[in-house]
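Student:
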DNA sequence: GCAGAACCATACGCCACCGTATGGTTCCCT
DNA sequence: AGGGAACCATACGGTGGCGTATGGTTCTGC
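Protein chains in written order, with our numbering: chain B, 1 to 206; chain P, 207 to 412.
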């Protein structure tokens, strides 16, 4: 053998991280329920014996996988956003765009909100949710909205985000299809969510 | 025995409808996966023998349950809405309110969007989704928005609705708590989603 | 008041998965 | 080189669910 170490495609021995990676992969494909020890072992070309050496049980793997995902996910989003200049309006818009495309990309996220009730998932999800809503609300305050409205707007924006994610999964046909149409819709969303209302008092259109 | 017939609390013989009702109940409680024949039988105080007399298999029950739910659900919403006067703005607002509270009520709906991928669920969900988006888009057109914007607004509104439903499940703590706060938030949502934008062209706030 | 249909109970075989036990390999250190 | 630790394979028992088989019970028409 020429190459030893941890990076060859056919590694002889597995680390817990390998199992976590595989777990996240199958979560993305088939949801939480798809994380089964024996199939995973097969997928990794090994056996349960390996698994139960590295992990206490299935739940431990789940927890580890969720922890790693949460870390990477939040890190990715916030990092991307905070280094995006100081203008809160720009940052908000960037956040919306980023998170929208991410929602259609990260199928782990989608799988998790599909299993929000699971004891291992719930805390992760509430953490992420509240943190993001808070973050967005702060952005709205920075823009100049009063605290209460900032929170409302944040809630609405986050709801729209979650729903969009769901739509992308359950009825993608309903979403704008072409590249240009998608872009126009996104623009519409950003504007609607971030623009102050026209006339206070009477909001009735013609 | 004094009372015979089909309405006593302890009925001797079961109908498929009884099974469907029970199925919907456990879907509401524990999701699709909770629909298991043996536990259901136990819950109904009977045995699998009964079940497999009335249904081909578990999937048949699922399909029947979903069909009944879809019927009742769409009927409830559209009926409630169409007999609500002719003013499209009023109807839209009423729809939003109605559907928002419904989302926190009907746990079957929530359970279903959590299992949107399931072959028995997907068609039901896409039907409901597209139908509602279309309906809402028509409402926006009636209000006076051009077709494209009407569709965008409808999409956004529906996304927000879906997301709100998810939020109510996975992080209810993030939603407005008190009765009054909830009401104010709802008002905010309705206004934001239905009010035409202030200035075309420049949508940049101060 | 009984025959046949409708309905239900029990027992069984099957499968997929979890977790354990136990004995092999392979590595690493000296 | 050889011994212990790290790692993996295989076999096993257990559980929970699906679907079938087969015989029992209740209802209904005549």
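Beta carbons are placed, not taken as given, at the ideal position from N, Cα and C, and that holds for glycine.
Quick check on residue 116 of chain B - is its C-beta less than 9 Å from some C-beta in chain P?
Tutor: Position 116 of the first chain holds residue 116 of chain B. Yes - at least one Cβ of chain P is within 9 Å of the one on residue 116 of chain B.
Student: Three-state secondary structure (DSSP) at residue 329 of chain P?
Tutor: Locating residue 329 of chain P in the second chain gives position 123, counting from the first residue. Residue 329 of chain P: helix per DSSP, three-state reduction.
Student: For a test of the three-state rule: what should DSSP assign to residue 167 of chain B, helix, strand or coil?
Tutor: For the purposes of this step, residue 167 of chain B is taken as the residue at position 167 of the first chain. If DSSP states are grouped into helix, strand and coil, residue 167 of chain B belongs with the helices.
Student: Here's the rule: buried if 16 or more other CB atoms are within 10 angstroms of the residue's CB, otherwise exposed. What is residue 411 of chain P?
Tutor: Your numbering for residue 411 of chain P matches position 205 in the second chain. Residue placement at residue 411 of chain P is flagged as unreliable, the pLDDT there being 45, under the threshold of 50; a coordinate-derived value is accordingly withheld.
Student: Is the Cβ of residue 159 of chain B closer than 9 Å to any Cβ of chain P?
Tutor: Numbered from 1 along the first chain, position 159 holds the residue referred to as residue 159 of chain B. Answer yes: the Cβ-Cβ gap between residue 159 of chain B and chain P drops below 9 Å somewhere.
Student: If contacts are defined as beta-carbon pairs under 8 Å, then residue 366 of chain P and residue 399 of chain P qualify, I think. What distance do you get, rounded to the angstrom?
Tutor: Against the second chain, residue 366 of chain P aligns to sequence position 160. Against the second chain, residue 399 of chain P aligns to sequence position 193. About 7 Å; that satisfies the 8 Å criterion.
Student: Out of curiosity, what's the CA-to-CA distance linking residue 99 of chain B and residue 49 of chain B?
Tutor: Along the first chain, one-based indexing puts residue 99 of chain B at 99. Along the first chain, one-based indexing puts residue 49 of chain B at 49. So the two alpha carbons sit approximately 40 Å from each other.
Student: Looking only at its chain, what residues have a beta carbon closer than 6 Å to the beta carbon of residue 185 of chain B, apart from the 5 residues adjacent to it on each side?
Tutor: Within the first chain, numbered from 1, the residue matching residue 185 of chain B stands at position 185. Excluding positions up to five away in sequence, the list reads 176.
Student: Using 8 Å as the Cβ pair cut-off and three pairs as the minimum, do the stretch 369 to 377 of chain P and the stretch 139 to 151 of chain B touch?
Tutor: Judged by Cβ distances under 8 Å, the stretch 369 to 377 of chain P makes no contact with the stretch 139 to 151 of chain B, as fewer than three pairs qualify.
Student: Taking the C-alpha atoms as reference points, what is the distance between residue 333 of chain P and residue 231 of chain P?
Tutor: Stepping through the second chain from its first residue, residue 333 of chain P is reached at position 127. Stepping through the second chain from its first residue, residue 231 of chain P is reached at position 25. Straight-line Cα distance between these residues: approximately 22 Å.
Student: Just the Cα atoms here: how many angstroms apart are residue 253 of chain P and residue 92 of chain B?
Tutor: Counted from its first residue, the second chain places residue 253 of chain P at position 47. Counted from its first residue, the first chain places residue 92 of chain B at position 92. Distance between the alpha carbons of residue 253 of chain P and residue 92 of chain B: 57 Å.
Student: Cβ closer than 8 Å: which chain B residues qualify as neighbours of residue 344 of chain P?
Tutor: As a working mapping, residue 344 of chain P is identified with position 138 in the second chain. Within chain B, no residue comes near residue 344 of chain P; the closest Cβ sits about 14 Å away, beyond 8 Å.
Student: For residue 134 of chain B, count neighbouring C-beta atoms within 10 Å of its own C-beta (all shown protein chains included) and say buried if the count is 16 or more, exposed if not.
Tutor: Taking the first chain and counting its residues from 1, one reaches residue 134 of chain B at position 134. Under this definition residue 134 of chain B is an exposed residue.
Student: Check whether the stretch 68 to 79 of chain B touches the stretch 95 to 112 of chain B, counting contact only when three or more Cβ pairs, one atom from each stretch, lie closer than 8 Å.
Tutor: As far as the Cβ criterion goes, the stretch 68 to 79 of chain B touches the stretch 95 to 112 of chain B, which means the pair count is three or higher.
Student: Is it buried or exposed, residue 275 of chain P, if we count other Cβ atoms within 10 angstroms and call 16 or more buried?
Tutor: Residue numbering aside, residue 275 of chain P sits at position 69 when the second chain is read from its first letter. With 16 or more Cβ atoms within 10 Å of its Cβ, residue 275 of chain P is classed as buried.
Student: Just the chain B side, please: which residues come within less than 8 Å of residue 314 of chain P by C-beta, in chain order?
Tutor: Taking the first residue of the second chain as position 1, residue 314 of chain P is located at position 108. Neighbours of residue 314 of chain P on chain B: none; closest Cβ ~14 Å, over 8 Å.
Student: For residue 28 of chain B, collect the residues of the same chain with a Cβ closer than 7 Å to its Cβ; drop the 5 residues on either side in sequence, then sort them by chain order.
Tutor: Your numbering for residue 28 of chain B matches position 28 in the first chain. 107, 108, 111, listed in sequence order.
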